[in-house]
Structures are given as structure tokens and as C-alpha cells.
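Novice: Can you keep this structure in mind? I'll have questions shortly.
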Amino acid sequence: MTEYRIDDLARAAGTTTRNVRGYQDRGLLPRPVKRGRIAIYTDTHLARLTLINNLLKRGFTARHIADFIRGMQRGDDLAKVLGVDEILAEPWSTATLERVSTESLRSIVGSRHDEELDGLERINLVKKVGGGDYVILDSDTVHGIGRLVDLGLSLPSIIEVFGKLEAQVDGAATTLISAARDEFVSRRGEGWVPRGDEESEWAAVLMSEMRTTATNAAHNALNRAMDRALRLELKDYLTQAPDDAAS
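Quick note on the UniProt record's numbering: the sequence shown kicks off at 1 and runs consecutively.
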């Protein structure tokens with residue numbers, strides 16, 4: 001584990017020694033280990049400082065951060081610490097998980113190379129776990145990819161395409177969640193967390209409606225886009241095909 005003196009720690013975290021001492025005084029940062037008269041900090045302190053900086057940039061106050069850290073030290077759930085556990089109790093993703101051996105995964109997707117399984121992990125469809133197994137993070141999609149491979153499509157090409165799709169969906173999701181955050185800020189101010197049943201219910205309803213509407217909109221928009229793209233690609237394909245093939 002890396003060791004730091006206070007100046008080095010502050011520089012690594014992008015803050016000042018004054019802030020480091022201030023966070024210690026407020027109980028936000030653990031006290032360093034003393035070696036004689038020298039205070040020694042570790043990667044644990046750096047991680048905590050990084051967390052504090054990120055929360056400050058997001059509009060949380062020192063009091064919010066103190067409550068957050070105390071709650072996490074007690075082992076409280078993150079959502080509970082922030083007072084929004086009822087909003088986030090149900091994960092948005094409903095993909096089915098499935099644990100399989102490496103050989104079973106190879107069989108499902110028609111893979112012959114480790115690089116292809118690495119590619120599936122890179123686009124968040126599988127995750128390698130202990131014992132040489134994998135957890136399939138989206139069973140429907142992975143088995144669907146296997147059927148496409150059975151029909152003659154190249155697995156590396158599919159992985160590339162789904163990787164691009166994942167990146168574009170990430171951008172759309174970020175836009176939607178940022179819109180929800182902006183709504184919270186415009187109505188309640190930076191660093192707001194629900195206080196009382198009425199505020200919690202408003203936030204929960206807003207997030208629930210956004211989830212439902214955004215899911216439906218994304219599904220329907222993708223279907224419409226697929227229809228448009230298919231018509232254009234088919235038209236272009238037939239235009240370039242020999243006359244006897246197009247007839």
C-alpha cells in the first residue's frame with residue numbers, strides 16, 4: 001500500500017493540506033498513523049479524499065458528507081444513507097442472471113477464443129467469477145447472440161456492434177438521469193435529499209414515472225429506428241444487386 005505525507009496526499013487528491021486537516025477535524029477523514037513526529041497516510045485516506053471531493057463537486061455539503069460517511073461506517077445501505085432507499089429499492093435492469101462454466105458459455109455463443117469471451121465481458125454481458133465460471137448478466141441477450149452466431153453471423157462482429165450500442169445507450173441514460181437531477185436541483189436546490197414522507201413520495205413518483213416513460217420511449221424509438229434503417233439498407237442493397245437477383 002502506498003504511503004503519503006500530508007503534502008503528497010493533498011497533491012494526489014487535488015486538494016490542499018488545509019482541507020485535509022479540516023476534514024480530519026470534522027471526522028470526515030481518519031487520523032493518520034504516527035511515526036515519531038511524521039503523519040503517515042495511505043491509499044485509504046486518498047480514496048476517502050477522492051470521495052469527499054466528488055461529493056462536494058456534486059453539491060453535497062460537509063454535513064451531508066459527514067452523515068453519509070457515518071452511515072456507511074455503520075454498514076447502512078447507500079440509498080438509506082442518502083434517504084432515498086424507497087426510490088432506488090428496485091433495480092432498473094430486469095435482466096436475468098445465469099452462472100455457467102466457461103465451456104457452457106463457449107457453447108452458448110459459439111466461441112472458440114478467449115478474446116471473444118473477454119469482449120462479451122467488456123460490453124457488460126458477462127462477468128468472470130471464481131472457479132473458472134462466468135455470470136451471464138443478460139441471459140436473453142447472450143442466448144440471442146448465440147442464435148445469431150448459429151445463423152452464420154461472426155461473433156467478433158456482433159460484439160463490436162453491441163459494444164457501440166451499449167455506448168450509445170449509456171449516453172441516453174446519462175441524459176435522462178441528468179434531467180432528473182436537474183429537476184431535483186431546480187425544485188429543491190443543490191445537495192437536496194428528501195426530508196419527510198411527502199418529499200420522499202414526490203421523488204419516488206418522479207423517478208418511477210421517468211423509468212416507465214423512458215423505458216417505453218427507448219424501446220419504441222429503437223423499433224422505429226430499426227424500421228427506418230432496414231428500409232434504407234434494403235433499398236441500397238437492392239439498388240446494387242444484379243437485376244436478376246432483385247427481380
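Using N, Cα and C, we set each Cβ at its ideal position, and we do this for glycine too. None of the values given here were measured: they were computed from a predicted structure.
From K127 to L148, what does the alpha carbon distance come to, in whole angstroms?
Specialist: Residue numbering aside, residue 127 sits at position 127 when the sequence shown is read from its first letter. Residue numbering aside, residue 148 sits at position 148 when the sequence shown is read from its first letter. If you take the alpha carbons of K127 and L148, they lie about 21 Å apart.
Novice: Should the region 172 to 186 be called in touch with the region 137 to 153, which here means at least 3 C-beta pairs below 8 Å?
Specialist: Contact fails: fewer than three Cβ-Cβ distances are below 8 Å.
Novice: Take G152 as the anchor and find which of S111, A167, S186 and L117 has the nearest alpha-carbon.
Specialist: Locating residue 152 in the sequence shown gives position 152, where the first residue counts as 1. Looking at the Cα atoms, S111 is the closest of the given residues.
Novice: Round the Cβ separation of L120 and I65 to the nearest angstrom and send it over; I've been treating them as touching at under 8 Å.
Specialist: By one-based count along the sequence shown, residue 120 stands at place 120. By one-based count along the sequence shown, residue 65 stands at place 65. Their Cβ separation, rounded to whole angstroms, is 38 Å, which puts L120 and I65 out of contact at 8 Å.
Novice: Let me check one thing: in DSSP terms, what residues is R48 bridge-paired to?
Specialist: Position 48 of the sequence shown, counting from 1, holds the residue named residue 48. DSSP lists no partner for R48.
Novice: Just the C-alpha distance for A39 and W202, rounded to the nearest angstrom, thanks.
Specialist: Position 39 of the sequence shown holds residue 39. Position 202 of the sequence shown holds residue 202. Rounded to the nearest angstrom, the two C-alpha atoms are 47 Å apart.
Novice: Have a look at S157 and A217 and give me their C-alpha separation to the nearest angstrom.
Specialist: The residue given as residue 157 occupies position 157 in the sequence shown. The residue given as residue 217 occupies position 217 in the sequence shown. So the alpha carbons of these two residues sit roughly 27 Å apart.
Novice: Count the other CB atoms, across all protein chains shown, that sit within 10 Å of the CB of L97; report buried if there are 16 or more and exposed otherwise.
Specialist: Along the sequence shown, one-based indexing puts residue 97 at 97. Flag for L97 reads exposed.
Novice: How big is the Cα-Cα spacing for D133 and L105?
Specialist: Taking the first residue of the sequence shown as position 1, residue 133 is located at position 133. Taking the first residue of the sequence shown as position 1, residue 105 is located at position 105. Rounded to the nearest angstrom, the two C-alpha atoms are 9 Å apart.
Novice: Might you give, ordered along the chain, the residues of its own chain that have their beta carbon closer than 7 Å to the beta carbon of W92, omitting 5 neighbours on each side?
Specialist: What you label residue 92 is simply residue 92 of the sequence shown in a count that begins at 1. Bear in mind that the predicted position of W92 carries a pLDDT of just 49, short of 50, making it too unreliable to give a figure here.
Novice: Rank R99, R122 and T44 by C-alpha distance to the C-alpha of G131 and give the top, closest one.
Specialist: On the sequence shown, residue 131 is found 131 positions in, with the first residue counted as 1. Of the candidates R99, R122 and T44, the one whose C-alpha sits nearest the C-alpha of G131 is R99.
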